[in-house]
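Per the numbering used here, residue 731 is the first one in the sequence shown, and the count goes up by one each step. The structure appears right after this line, and notes come after that.
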Amino acid sequence: MGPKSSLSGLGKYQRLVIKIGSALLVESDSLTLRQSWLNSICDDIAERHKLGLETLIVSSGAIALGRARLNLIGRILDLSEKQACAAAGQALLTQAYDKALSAKGLISAQALLTLNDTEDRRKWLNARSTLETLLALEAIPIINENDTVATDEIRYGDNDRLAARTAQMVGADALLLLSDIDGLYTADPRFYSDAKHLPVIENLTPQIIAMGGPANTDAAVGTGGMETKLAAAQIAVQAGCEMIILNGTDNHPLSRFDNGERHSLFIATQSPRKARAQWISGSLKPKGQIEIDSGAHSALKKGRSLLAAGIVSIEGQFDKGDAICIIDQNKQEIARGLVNYGSKDANRIMGLHSDNIEMLLGYTNGDAIVHRDNLVMRD
731 MGPKSSLSGL GKYQRLVIKI GSALLVESDS LTLRQSWLNS ICDDIAERHK LGLETLIVSS
791 GAIALGRARL NLIGRILDLS EKQACAAAGQ ALLTQAYDKA LSAKGLISAQ ALLTLNDTED
851 RRKWLNARST LETLLALEAI PIINENDTVA TDEIRYGDND RLAARTAQMV GADALLLLSD
911 IDGLYTADPR FYSDAKHLPV IENLTPQIIA MGGPANTDAA VGTGGMETKL AAAQIAVQAG
971 CEMIILNGTD NHPLSRFDNG ERHSLFIATQ SPRKARAQWI SGSLKPKGQI EIDSGAHSAL
1031 KKGRSLLAAG IVSIEGQFDK GDAICIIDQN KQEIARGLVN YGSKDANRIM GLHSDNIEML
1091 LGYTNGDAIV HRDNLVMRD
């Protein structure tokens, strides 16, 4: 991650995921783009990008835009029609973001994910690597669920949870859900005049979770509701990522947040790095082990990645993305991590210099057998 921004509000964060729902991006009646609003949030993003805030956008809107493009407004769609609308609308959505961001001197990049991409560790590593590379190149990833191929059985169905999984994947320290409501209330304020706004949520107790209602069925676009936002909060805070719910209806929502507009903040009790380390070291069952030499051990203690050249032996059968133990030559476990190569290929490249990996295997998943970001030293 880059240096912290000097801005107030969002300025305390280093890496931000913004979730933008269809209801904010697309007019509910005509299903046309809210161009002025899109331009305004891209203004906000560009201002903060200059000051070092890395930003990813998880955006809905493809199906809504595709409805208008394919003349399917005002009717219930079956799955194949939804997928057709997603295909037709995604092109418009990508073009809209690219035009608005390029006007501010920023590069956008489309990334379509499915539920499986964020749950399967092998695909998770691939997606994470791509997003990390885009951020390193100062691009703005525009992420959406791949509705063109996803079925009801293998999809999120809402971008709140997809945004939370994305934040977890890239180690973001903040997730901003832009909604049509200014945060969490003790009850639905549309129906209960005595509902109280909750500005800060320090613990996601069963009572807090119970405050989530069903999706907003009054809206012509969008599938999420407070229930999905609370599900997203559970994912985010456990990953060390604070979550914010803000009413994003008006222009310049990021600037309005920084200027103190009312919102709900869900507190994370640990950093993304610590949460990730706990997940790797305590939650994943190792599928094998890798013995390393003293030089590799010294490199790991200095915070470096595990390279093939330092491997002495490999035991077990594992695939890319699996958790493995790393042991020293005294057979003591010194670290755990997620591997970039399966055991079959790891055995082939064991002891080799990184420059020779692609020549031998015919492909490369990078120089590291276990990248330092996916490695946790044992005490």
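Where a beta carbon is used, it is the ideal one built from N, C-alpha and C, also for glycine.
{"Asked": "Distance between Leu768 and Ala830 (C-alpha atoms, nearest Å)", "Found": "7 angstroms"}
{"Asked": "Anticipated Cβ contact below 8 angstroms, Lys780 with Ile793, distance rounded", "Found": "Actually they are not in contact, since the Cβ atoms of Lys780 and Ile793 sit about 33 angstroms apart, beyond 8 angstroms."}
{"Asked": "Nearest-angstrom beta carbon gap, Gly1051 and Arg858 [assumed within contact, 8 angstroms]", "Found": "About 10 angstroms; that fails the 8 angstroms criterion."}
{"Asked": "Phe1048 - DSSP class collapsed to helix/strand/coil", "Found": "coil"}
{"Asked": "DSSP beta-bridge partners of Met1107", "Found": "Ala1065"}
{"Asked": "Nearest to Glu1063 (by Cα), restricted to the options Arg1078, Leu1030, Gly1072", "Found": "Leu1030"}
{"Asked": "Beta-carbon contacts of Ser864 that lie in its chain and below 7 angstroms, excluding the five residues immediately before and after", "Found": "Correcting the residue identity first, residue 864 is Leu in this sequence and not Ser. Here the set comprises Ala839, Pro871."}
{"Asked": "Euclidean distance between Cα positions of Lys749 and Ala841", "Found": "14 angstroms"}
{"Asked": "Exposure label - His1083; buried when at least 16 CB within 10 Å", "Found": "exposed"}
{"Asked": "Three-state secondary structure assigned by DSSP to Met956", "Found": "helix"}
{"Asked": "Of the residues Leu761, Ser760, Asp759, Leu755, the one placed nearest Ile771, counting alpha carbons only", "Found": "Leu755"}
{"Asked": "Cutoff 6 angstroms; reference Ala950; Cβ partners in own chain excluding five residues on either side", "Found": "Confidence in Ala950 is poor, its pLDDT being 41 and thus under 50, which makes the residue's placement too unreliable to answer from."}
{"Asked": "Residue closest to Thr916, alpha-carbon to alpha-carbon, out of Asn1077, Ala818, Lys926", "Found": "Lys926"}
{"Asked": "Segment limits, beta strand (DSSP E) that includes Cys1055", "Found": "1053-1057"}
{"Asked": "Same chain, Cβ closer than 6 angstroms to Pro1016, neighbours up to 5 away in sequence not counted", "Found": "Ala1053, Ile1054, Cys1055"}
{"Asked": "Cα-Cα separation between Gly741 and Arg778, rounded to whole angstroms", "Found": "8 angstroms"}
{"Asked": "Nonlocal neighbours in the same chain, by C-beta distance under 7 angstroms from Glu883, ignoring five residues either side", "Found": "In this predicted model, Glu883 has a pLDDT of only 47, less than 50, meaning its place in the structure is not dependable; the value taken from the coordinates is given anyway. Around Glu883: no qualifying Cβ."}
{"Asked": "The region 1026-1044 contacting the region 1069-1083, beta-carbon criterion three pairs below 8 angstroms", "Found": "yes"}
{"Asked": "When Phe996, Ile1020, Glu868, Ile1057 are compared against Gly1046, the one with the closest alpha-carbon", "Found": "Ile1020"}
{"Asked": "Alpha carbon of Asp948 to alpha carbon of Asp910, nearest angstrom", "Found": "Any reading at Asp948 is ruled out, since the residue's pLDDT is 46, under 50, leaving its predicted position unreliable."}
{"Asked": "Continuous beta strand (DSSP E) stretch holding Thr916: start and end", "Found": "Per DSSP, Thr916 belongs to no beta strand (DSSP E) and is neither H nor E."}
{"Asked": "Own chain residues within Cβ distance below 7 angstroms of Ile803, not counting five before or after", "Found": "Leu761, Arg797"}
{"Asked": "Where the alpha helix (DSSP H) through Gly819 begins and ends", "Found": "809-832"}
{"Asked": "Inter-residue Cα distance where the pair is Asp692 and Ala1026", "Found": "Outside the modelled stretch of the chain, which goes from 731 to 1109, sits residue 692, for which no answer is possible."}
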